[in-house]
Amino acid sequence: PSRKPNGKQCPTCENTKIWKNGFTKIGTIRWRCKNCGASWSNTRGDITHAALFDKFVKWLVNKQTLADLKVASTTWARKTEWCWRVSPVIPVTGEIYDYIQIDGTYLPYGWCLLVAQTHGKVLAWQWCQKENTAAYTALLQQLPPPLLVLTDGNAGALRAISEVWPDTVVQRCLVHIKRNVCAQTTRTPKLDAHKTLWGLAQKLVKITSLQQADEWTNQLQQFHDLYSKWLGKKTYRSEVLPDNVPTWVRPSQKWWYTSKRP
């Protein structure tokens, strides 16, 4: 049976003659005004927004589709429009980390997002148009210097590290080194030198001990000893036709290493 609630009034006519009138689909009590006939349910805006934002984040980072959520694309876009404007807040702890990894991700419409993280946890970020010293300086200034910083070797990042974190040890990202080698040798190299170098690159990312690191360093030295003449061979601009000059060669550059891929 319906009962009259205490301390409630109709939001339309402000009459106090309102009664419980069943439940909504999500279990919220529905009320009805005996005077004007208005029907409504009381909801907590903060709880509703928090639940929607939680659903939005799960949809954004996981593989859920709108079909899984059973919601129309237009409805979802309208309801979550405000979610895109929520800026994450990372509390400042002052903690000094053993290592921090920094890197940039390029996004559509001319944006680049610089991120500093450790153990998969984002510590700070900085929006920019491209990776450069100023952008990385703004990123690093948000955090105390770690013992070691991991980077892909970007020139702007290295300059910013030397200025903001001068006492921090710099470690090149091994995965990026492997990618750089692959860009020169491809994954299916034809030349013996390329096969050897690509093999070393694959071993590099699997090193887990100091002994393995020493062995790899010795193998790299052997590679340089064996292919030093090939690595040092140069091609001079005067020896090639203008159409055969690699696109990455600067206009003022008179020579380049022959072994470097166009």
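For the sequence shown, my numbering gives the first residue as 914, with consecutive numbering after it. Glycine residues also receive a C-beta, built at the ideal position from the N, C-alpha and C atoms. Computed from a prediction, not measured in an experiment: that's the story for all the values here.
For Trp1169, I'd like the list of residues in its chain whose CB is within less than 8 Å of its CB, leaving aside the five on either flank, ordered along the chain.
Taking the first residue of the sequence shown as 1, we reach residue 1169 at position 256. Cβ neighbours of Trp1169 beyond the five flanking positions: Lys1147, Thr1148, Pro1159, Val1162.
Three-state secondary structure assigned by DSSP to Arg1100
Reading the sequence shown from its first residue, position 187 is the one you call residue 1100. Under the three-state reduction of DSSP output, Arg1100 falls in the coil class, being neither helix nor strand.
For Asp1065 versus Asp1016, is the C-beta spacing smaller than 8 Å?
Indexing the sequence shown from 1 puts residue 1065 at position 152. Indexing the sequence shown from 1 puts residue 1016 at position 103. It is a contact, given that the beta carbons lie within the stated cut-off.
Using only CA atoms, which one of Arg1100, Gln1135, Trp953, Ile931 lies nearest to Thr941?
Counting from 1 along the sequence shown, the entry for residue 941 is found at position 28. For the residues Arg1100, Gln1135, Trp953, Ile931, the minimum Cα distance to Thr941 belongs to Trp953.
Going by the CB atoms, is the gap between Leu1117 and Leu1139 shorter than 8 Å?
Here residue 1139 is taken as the residue at index 226 of the sequence shown, counted from 1. Here residue 1117 is taken as the residue at index 204 of the sequence shown, counted from 1. It is not a contact, given that the beta carbons lie outside the stated cut-off.
When DSSP labels each residue in this structure, what does Arg1072 get in the three-state scheme?
Here residue 1072 refers to the residue found at position 159 when the sequence shown is read from its first residue. Three-state DSSP puts Arg1072 in a helix.
Which residues mark the beginning and the end of the alpha helix (DSSP H) in which Lys992 is found?
Here the question's residue 992 lines up with position 79 in the sequence shown. For Lys992, the enclosing alpha helix (DSSP H) starts and ends at 986-992.
Which two residues bound the contiguous alpha helix (DSSP H) that contains Leu982?
Sequence index remark: in the sequence shown, residue 982 carries index 69 (1-based). For Leu982, the enclosing alpha helix (DSSP H) has its first and last residue at 979-982.
Measuring CB to CB, does Leu965 end up less than 8 Å from Trp972?
The sequence position of residue 965 within the sequence shown is 52, counting from 1. The sequence position of residue 972 within the sequence shown is 59, counting from 1. In this structure, Trp972 does not lie closer than 8 Å to Leu965 by Cβ.
Under the three-state reduction of DSSP, which class applies to Val1182: helix, strand or coil?
The structure shown has nothing for residue 1182, since the chain only spans 914 to 1175.
Once DSSP output is grouped into helix, strand and coil, what is the label at Arg1163?
The residue given as residue 1163 occupies position 250 in the sequence shown. Coil.
Run the CB neighbour count on Pro1079, radius 10 Å, all protein chains shown included, and call it buried at 16 or more, exposed below.
As a first step, residue 1079 must be located in the sequence shown, where it is residue number 166. Per the 10 Å Cβ criterion, exposed.
Chain-order list of residues whose beta-carbon lies under 8 Å from that of Arg943 (same chain, five-residue window excluded):
In the sequence shown, residue 943 corresponds to position 30, counting from 1. Cβ neighbours of Arg943 within its own chain (closer than 8 Å, five residues either side excluded): Lys933, Asn934, Gly935, Phe936, Thr937, Ser952, Trp953, Ser954.
Cβ-Cβ distance between Leu1110 and Trp1129 below 8 Å
Locating residue 1110 in the sequence shown gives position 197, where the first residue counts as 1. Locating residue 1129 in the sequence shown gives position 216, where the first residue counts as 1. Cβ atoms of Leu1110 and Trp1129: not closer than 8 Å.
Report all residues from its chain with a CB closer than 7 Å to the CB of Ser1172; omit the five preceding and five following residues, and keep chain order.
Taking the first residue of the sequence shown as 1, we reach residue 1172 at position 259. Once the five neighbours on either side are set aside, the close Cβ partners of Ser1172 are Trp1143, Leu1144, Lys1146.
Where does Gln899 fall in DSSP's three states?
Residue 899 falls outside the range modelled here, since the chain spans only 914 to 1175, and no answer is possible.
Closest by C-alpha distance to Leu1061, when choosing among Ile1074, Tyr1019, Leu1052:
Counting from 1 along the sequence shown, the entry for residue 1061 is found at position 148. Checking every option, the nearest Cα to that of Leu1061 belongs to Ile1074.
Between the CA atoms of Trp997 and Gln977 - distance to the nearest angstrom
By one-based count along the sequence shown, residue 977 stands at place 64. By one-based count along the sequence shown, residue 997 stands at place 84. Distance from the CA atom of Gln977 to the CA atom of Trp997, rounded to whole angstroms, is 17 Å.
Sequence-distant residues of the same chain with beta carbon closer than 6 Å to Asn1067, five excluded per side:
Here residue 1067 refers to the residue found at position 154 of the sequence shown. Once the five neighbours on either side are set aside, the close Cβ partners of Asn1067 are Glu1044.
Hey, Pro1059 and Ile1003 are a contact pair by Cβ (cut 8 Å); roughly how many whole angstroms apart?
Your numbering for residue 1059 matches position 146 in the sequence shown. Your numbering for residue 1003 matches position 90 in the sequence shown. Their Cβ separation, rounded to whole angstroms, is 16 Å, which puts Pro1059 and Ile1003 out of contact at 8 Å.
Tyr1022 in three-state terms, based on DSSP
Numbered from 1 along the sequence shown, position 109 holds the residue referred to as residue 1022. Here Tyr1022 sits in coil by DSSP.
Could you compute how far the alpha carbon of Asn948 sits from the alpha carbon of Lys921?
On the sequence shown, residue 948 is found 35 positions in, with the first residue counted as 1. On the sequence shown, residue 921 is found 8 positions in, with the first residue counted as 1. Near 14 Å, if we compare the C-alpha coordinates of Lys921 and Asn948.
What are the start and end residues of the beta strand (DSSP E) that includes Thr1109?
Walking along the sequence shown from the start, residue 1109 turns up at place 196. DSSP places Thr1109 outside any beta strand (DSSP E); the residue lies instead in the alpha helix (DSSP H), whose first and last residues are 1105-1117.
What three-state label does DSSP hand Leu1144 in the structure shown?
Counting from 1 along the sequence shown, the entry for residue 1144 is found at position 231. Helix.
How would you call Val1153, buried or exposed, if buried means at least 16 neighbouring beta carbons within 10 angstroms?
Stepping through the sequence shown from its first residue, residue 1153 is reached at position 240. Per the 10 Å Cβ criterion, exposed.
Could you check where the beta strand (DSSP E) with Leu1063 kicks off and where it finishes?
In the sequence shown, counting from the first residue as 1, residue 1063 sits at position 150. Start and end: 1061-1064.
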